[in-house]
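Please read the structure below before turning to the comments.
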Amino acid sequence: MMGLQLLEMYPGIVEDFWEFEHQVPNYSRGLPRWMIPSAYKTRDRLLANIKAWNRLANRESDYRQHGEDGPEWDKFFGSKYIKAREDYMRKYGMNNDSIVSENLALLFGSNANAVPAVFWYILESFKDLELQENLKIELQGCLKPETGDLDIPKFSTKPLLQSTYAEVLRLRVTTTTIRTNEDANFRLDSDYTIGKNIIMTIFSSVTAYNRQAWAATRPESVAKPLDEFWPERFLVQKDKDAKFSLEGLAECWMPYGGGHRMCPGRHFAKNEIIGTLGLLLELFECELVDVQQAEQVRPDTRWAPYGTLPPTKKVAVRLRRRAG
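Using the UniProt record's numbering, the letters of the sequence shown map in sequence onto residues 1 to 324.
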């Protein structure tokens, strides 16, 4: 996405990025440098190296070439998207430090939530061999016959792939909505009132597990408990006529937030999550080493109460490249 030059200039970026991601809850808590000096050193190192990359990319490439006639990708800026962002930020007068921070935020947004979500998507398919076989059948329909490559737009036509993905996000992703109350007497119920100008944080997990709300919107979706993983929860009709649908669930299913400010990267993330499983199952024979141990893996709620939660422990798997 951001070109090969960044990796060549800064081979330690992968290690530093995941250390930065691990420390995000501490940054969010506002802990000072003297309490977590190594965490701030990691962030400083990321920002300094991204700034050096950005300076080189501006010298060796032209960020204004992101129109129809411009190259789809180059070594320095990477994709047209990165060039378009650079052009936008420069036009609106952002200074170099602000642009560097935005680029780090982009790296975080495109990796920190999607990678753990990919883990949970893969884990659930490995735990349930029947589910895995059914997903393989749908994935076969997403292969281009002439090349064998994944036809990513076809993901949106496969009901079980999408329903499993939606169920993973329902259980493993928690978003936060922050609002300031402007009502002088906002009553939650008979016992609780929120005063004017009080800041409220609302977690999407409240609606993800609200049986009353789900049952009122789509009764068949609560045929199995909401605290249980059920890959068919988002299917309407069954068997060969099954269709994936989020209709009526905008206030129940909110892994990307909601309203006009819903995450703009949700389509990219969806294809990234489903596509990773597709490539894994296409190229490798996969199995869990210890199924019972895998059943005990839970989201690590000690990390942070929001985002895509990482697992509490590592999971051992066997992988073998498929013949041919």
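Just so it is clear, CB atoms sit at the ideal spot from N, CA and C, and this is done for glycine as well.
None of the values given here were measured: they were computed from a predicted structure.
Which residues does DSSP list as the beta-bridge partners of R179?
Residue pairing by DSSP places R179 opposite M200 in a beta bridge.
Roughly how many whole angstroms lie between the Cα atoms of G257 and A323?
In this structure, the straight-line span from the alpha carbon of G257 to that of A323 is close to 42 Å.
Cβ-Cβ distance between F284 and R318 below 7 Å
At least 7 Å separates the beta-carbon of F284 from that of R318.
Is Q162 buried or exposed, if buried means 16 or more other CB atoms sit within 10 Å of its CB?
Result: buried.
In terms of residue numbering, what span does the alpha helix (DSSP H) encompassing residue 334 cover?
Only positions 1 to 324 of the chain appear in this structure, which leaves residue 334 out of reach.
Looking at the structure shown, is L235 part of a helix, part of a strand, or coil, going by DSSP?
In the structure shown, L235 sits in a strand (DSSP, three-state: E or B).
Identify the continuous beta strand (DSSP E) that holds L319 and give its terminal residues.
From DSSP, the beta strand (DSSP E) with L319 extends over V317 to R321.
Can you tell me whether K51 is helix, strand or coil according to DSSP?
Helix, per DSSP.
Considering E102, what are the terminal residues of the alpha helix (DSSP H) in which it resides?
Note, E102: alpha helix (DSSP H), N96 to N111.
Beta-carbon gap between I178 and T201 smaller than 7 Å:
Going by C-beta atoms, I178 is nearer than 7 Å to T201.
Report back the beta-carbon spacing between H66 and K80 to the nearest angstrom; my notes put them in contact at under 8 Å.
Yes, they are in contact, since the Cβ atoms of H66 and K80 sit about 4 Å apart, within 8 Å.
I36 versus Q140: straight-line alpha-carbon distance, rounded
Going by the C-alpha atoms only, they are around 48 Å apart.
Beta-carbon gap between A215 and A114 smaller than 7 Å:
Result no, Cβ atoms of A215 and A114 do not sit closer than 7 Å.
Length of the line joining the Cα atoms of V100 and A39
Using only the alpha carbons, I get a separation of about 18 Å.
Buried or exposed (CB count within 10 angstroms, at least 16 for buried), V291:
Counting Cβ neighbours within 10 Å, V291 comes out exposed, since fewer than 16 surround it.
Candidates R45, F17, L6 and G30: which alpha carbon is nearest R55's?
Ranking R45, F17, L6 and G30 by Cα distance to R55 puts L6 first.
Excluding five sequence neighbours on each side, which residues of the same chain lie with their C-beta closer than 7 Å to the C-beta of T217?
For T217, same chain residues with a beta-carbon under 7 Å away, outside a window of 5 residues either side, are G248, L249 and C252 in chain order.
Helix, strand or coil for K91? Go by DSSP, reduced to three states.
When secondary structure is reduced to three states using DSSP, K91 falls in the helix class.
Using a Cβ-Cβ cut-off of 6 Å (strictly less than) and excluding sequence neighbours within five positions of E60, which residues of its own chain qualify?
Hits under 6 Å: F76.
Around the C-beta of I137, are 16 or more other C-beta atoms found within 10 angstroms, so that it is buried, or is it exposed?
With fewer than 16 neighbouring CB atoms inside 10 Å of its own CB, I137 falls in the exposed class.
Give me the residue from L280, P305 and N181 with the minimum Cα distance to L123.
Comparing C-alpha distances from L123 to each of L280, P305 and N181 shows the shortest one belongs to L280.
Assuming contact is defined by CB atoms lying nearer than 7 Å, are I50 and N96 in contact in what I supplied?
The beta carbons of I50 and N96 sit no closer together than 7 Å.
Of the listed residues P159, Y306 and E19, nearest to L131 (C-alpha basis):
P159 is the residue among P159, Y306 and E19 whose C-alpha sits nearest the C-alpha of L131.
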